[in-house]
Each structure stands twice: as C-alpha cells, then as structure tokens.
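Student: Quick note, the sequence shown lines up with residues 133 to 602 if you use this note's numbering. Sharing a structure below in structure tokens format, with a few things to ask.
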Amino acid sequence: MEATSVRFAWLRRPDVLMVVTSAPTYVATGEVLKIISPLDLTPLRFLMAAVIIGGWFALRKKKLLLRKADVLLVAGISVLGYGAYGTLLNLGQTTVPAGTASLLLNTSPVFAFLLAYLVLGERTSLRGILGMGIATVGVLVITVLGPGELGFDWNALVILAASLVLAAYLIWQQPILARVPPVEMVFWGCLVGGITTLPTATYNLHPGQWTWMTIVALLVLVISSTVLAYSFWNISLAGTSVAEGGSLLFAVPIFSLALGWLVLGQVPTAASVIGGCIAVSGVLLLSRGQNVPHHPDKEEEVMTTPPVVEEVVALSLKQEQSDALRDAVRQAVDHIGARLATISLWRPARGDLIRVYSTLPDIYRFGGISAALGDDWSQQCVVRLESFIAESPAHLQTDAFEHHETLAALRLGAGINAVIQLNGRFLGCLNLMDSPGSYSKEDLTAASAIADGLGPVLDTISTELGSFNR
C-alpha cells in the first residue's frame, strides 16, 4: 500500500493537477460560446467562480490576508489577468478551433520567459533555454501548418494578443504571491475581473436556448478550468519560477486537442499532433533546466521581514535546558534541513503554545504565543499525538500553521510538525520549515525521533515554569 501511494504521489502535485484541470478550458469555452456571447461569458465565468471560492473561504472560516497597501496592485493584476485576458480569449475563440486556440495561446510562456529574464532577473540553464526553444518550435508547427492557409485569421491574432496579456499578468503577479496566498489571489482575480467586465456585457444570456451540454460546459469551465486550475497554477507559481510555472501551459494543448476531437468533433491535423508532441518534449526538458527565480539572499530576507504579530511573554530557561533544545534543533537541521526551526511548549490550561526556541528569534520570537490553533490540529496533535508533514505552500494554508504572510515572505513552503510527548501526554512540537518540496516521509520519521528525545526536557520546563501554564 505504501509503495502504491508513493508511486502515484505525482498525481497530487499542483502542477500536474493544473494541467489536467485546465485541459477542458477551450472545449468548454467553445461549447458555451455557441449560446452565450464572448462579452457575457467573461463576467459570468469569473463571478460564478468568485462565489464558489468565497463560499469555500466562509465554510473553512479562512481569513482574507490582502493588505491595504496591495489593494491597487491586486486590482490591476485582476483586471489584466482575468478581465482583459478572459475577454480576448473568448472573442478569439468564436471561430478558432479549441485545440488550435490552446496552442496559439500557449505562446505566452515564451513571452513570460523573456519578460521574467528582463524584469524579474530570473535565470535558467542552457537546458532550460533549449527546452523553451523546442516548445516554441512545436507551437510554430501548429500555427503555420494548422487549419487554414497559414493557420491565422483575425480571431487567431486576438488569441495571440491574449497570450501577451497572460505573459504580462504572470510577471506582474509573481511578486505578490509572496504576500497573498495563491487561492486568495484567484478569488480576488475572479471577483475584480468579473466586476470590471460587466460594463461591456450585453446581458443577453439566452437562457431559453441552453441545452444540457451548455450547462455542463459552463460548470466545467467555472469549476475545473477556473476555480481548480487557477488555484493549482498559482500554488505551483508560488513555489517556482515564472519560466517553469508558465511552461506548464505547453502541456495543456495535447489534452485540449483530444477533448476538442472527442467532444466537439474538431479533428486535429497531423501538424497539430506533431507540433503538440514537440511542445511537450520541450516542456519536459525545461522542467529539468534548473530555472532559478530571482530572490533576495536569505540574510536579506530575514533582515527585511518584520517580527510576526503575536503576544510575547518573558521567559527564562536554565542553561542546560537551552543547550538541550539547541542541540536537538542542530541535529534536525544537520540531518533533515530547515531554514526555520522552532520548539514550542504546550500550555494545556490555556490551550496554546509558547515558543521556547527559535532559529530566527528576530522574527519568531522567544516567548511568542501561538493561540490560533484549529480543531483539526488539536485533534491530530494533542489528542492523537500524530506528527505530520506539509509538502507544499497549499498545505501550509491550514489552521495548523499561522503567519502565512511571513512564511511566504521567507519562501517557506514545506513544514514538519513533530509531536513532543512523554508517556502519552502531549507536551509541544518541534517545527521545521523549508522551501517547497524539501521534506519526505523519511524526514518526518527522523524529526519524530528527535522530538521523542525532547519529552523529558519539555516536561521539566513545563513543571518549572509553573504559572505560565495556567
């Protein structure tokens, strides 16, 4: 069972899920456009998606983390990446076949690659550049040898314009993903993008002409291609470079061509198939090309990141206790790895954690209190004494982790929460944080072993602190 789980773990990767959920976009759009006009579809699609994501936030009682200082920036990104892009795509796809539209649009990774180099200072290896070149050749094969004399008409040019808009959106959005959670960014994009396209809508949806295919296609477009695909894509982008994250678009056309053929009867040409295969091979090469986002170095990140907002109490530990905590963390960092490591003590009477060790004390302060602990975390750690691993930034957006904005600013996208207990009594946690994808189940096992050795130390500290536990 364990081997099977590991073998299919790639199916849970956000980049893979993004490609799969994006595949029906062009087929579903083509079906809906048979009834609904392009200018009406954009606000309908995005506002429906905003309602779904907003409802999910409400059910999960998740707080929106957008800061006032970023409101105008997020609004601009939303208008560009959702309103303008969605409208151009819908206008262009009124005549261009689904598969060809997908491939024309997916020239945007090339533009994004160049802009990321010029604007964000991203760098890639020779292999990455070669992969981008091969993928571009694949798209050119489709464009030049596809349907029509040269595969171009006015609507095709509109889709190419949409690809430019999408590239600019990727570049503009990338820095904000360090401050606004990926899924929340989708919510704002859908809401603002949908509202700003209402003035151009005709409000003539022809509901009496809707068939069951229209309804199904609209639901697929909203749920799969918008709510899920955009969320998975933002999660992927938050943990990688624009070049690599944008290159995922090259893999979508193969699925779109197949769906366009099966659902809409749009038979792909030989050039479409050959070009698509070339494009995907380029993506695979690019994904192994060591694409490096440009970020400040780690010392600069720490220097420019303010302390987390929390209550802090004055603590005093004995030297041997501090040494024991420091040695345990050093062992964890050396054998497992962590850019942030903390040890927290459980206060059962208050139902909170108090930090007794931190490798970044200027940000995560000694004596800092974690009080916003959710029921899921309490049941898993305090009651069942189960350690757990968060493998990606998406897994950090739960009640098990606080201060999401600070984690994003430090580019911490994976974590281990190792339970510290003694004789079946929960005493606290050893937390290790690092870049996305840093930890495995073997690392969780190793961290749990180190945490087990901290039981007697935390038990002594808890007893000696006395009043702090009440």
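The C-beta atom is built at its ideal place from N, Cα and C for all residues, glycine as well. Everything numeric in this text was worked out from a predicted model, so none of it was measured.
So, for Cys513: in the same chain, excluding its five sequence neighbours on each side, which residues have a beta-carbon less than 6 angstroms away from its beta-carbon?
Tutor: The residues are Val551.
Student: Could you tell me which of Trp188, Thr226, Leu176 and Leu198 sits nearest to Tyr214, measuring between CA atoms?
Tutor: Ranking Trp188, Thr226, Leu176 and Leu198 by Cα distance to Tyr214 puts Leu176 first.
Student: Does the distance from the C-beta atom of Leu492 to that of Leu505 stay below 8 angstroms?
Tutor: Their beta carbons are not under 8 angstroms apart, which means Leu492 does not touch Leu505 by this criterion.
Student: Could you check the C-alpha separation between Ile347 and Ala201 for me, to the nearest Å?
Tutor: One C-alpha to the other measures close to 39 angstroms.
Student: In this structure, what does DSSP give as the bridge partners for Leu477?
Tutor: DSSP output for Leu477 lists Ile486 and Gly560 as bridge partner(s).
Student: Take Ile167 and list the residues in its own chain whose beta-carbon comes closer than 7 angstroms to its own, dropping the five residues that flank it on each side.
Tutor: Once the five neighbours on either side are set aside, the close Cβ partners of Ile167 are His338, Gln341, Trp342 and Thr346.
Student: For Gly560, count neighbouring C-beta atoms within 10 Å of its own C-beta (all shown protein chains included) and say buried if the count is 16 or more, exposed if not.
Tutor: With 16 or more other Cβ atoms within 10 Å, it is buried.
Student: Going by DSSP in three states, Val444 sits in which element: helix, strand or coil?
Tutor: Reduced to three states, the DSSP call for Val444 is strand.
Student: Decide yes or no for the touch test of the region 348-364 against the region 565-578: beta carbon pairs closer than 8 angstroms, at least 3 of them.
Tutor: No, they do not touch.
Student: With 16 other CB atoms within 10 Å as the buried threshold, where does Cys322 fall?
Tutor: Under this definition Cys322 is a buried residue.
Student: Ends of the beta strand (DSSP E) at Ala546?
Tutor: Note, Ala546: beta strand (DSSP E), Ala546 to Leu554.
Student: Just the C-alpha distance for Leu309 and Ala464, rounded to the nearest angstrom, thanks.
Tutor: So the alpha carbons of these two residues sit roughly 29 angstroms apart.
Student: Suppose the cutoff is 6 angstroms on Cβ atoms and the five residues either side in sequence are ignored; what does the same chain contact list for Thr332 look like?
Tutor: So the list reads Leu171, once near-sequence residues are dropped.
Student: At the level of alpha carbons, what is the spacing between Ile303 and Ser519?
Tutor: If you take the alpha carbons of Ile303 and Ser519, they lie about 37 angstroms apart.
Student: Output the boundary residues of the alpha helix (DSSP H) element that contains Ala464.
Tutor: That run of the alpha helix (DSSP H) goes Gln451 to His467.
Student: Report the partner residues of Gly500 according to the DSSP bridge assignment.
Tutor: Answer by DSSP bridge pairing, in chain order: Val444.
Student: If you run the structure through DSSP and keep just helix, strand and coil, what is Asp494?
Tutor: The answer is coil: DSSP assigns Asp494 none of H, G, I, E or B.
Student: Under 8 angstroms by Cβ, that's how I've got Leu544 and Asp566 pegged, so tell me the actual separation to the nearest angstrom.
Tutor: Yes, they are in contact, since the Cβ atoms of Leu544 and Asp566 sit about 7 angstroms apart, within 8 angstroms.
Student: By Cβ distance below 6 angstroms, which residues in the same chain neighbour Val405 in space, the five residues on each side in sequence not counted?
Tutor: Answer for Val405: no residue qualifies.
Student: Report the residue from Leu220, Leu179 and Ala300 whose alpha carbon sits nearest the alpha carbon of Gly208.
Tutor: If we check each option's Cα against that of Gly208, Ala300 comes out closest.
Student: In whole angstroms, what is the alpha-carbon distance linking Gly187 and Arg458?
Tutor: Going by the C-alpha atoms only, they are around 44 angstroms apart.
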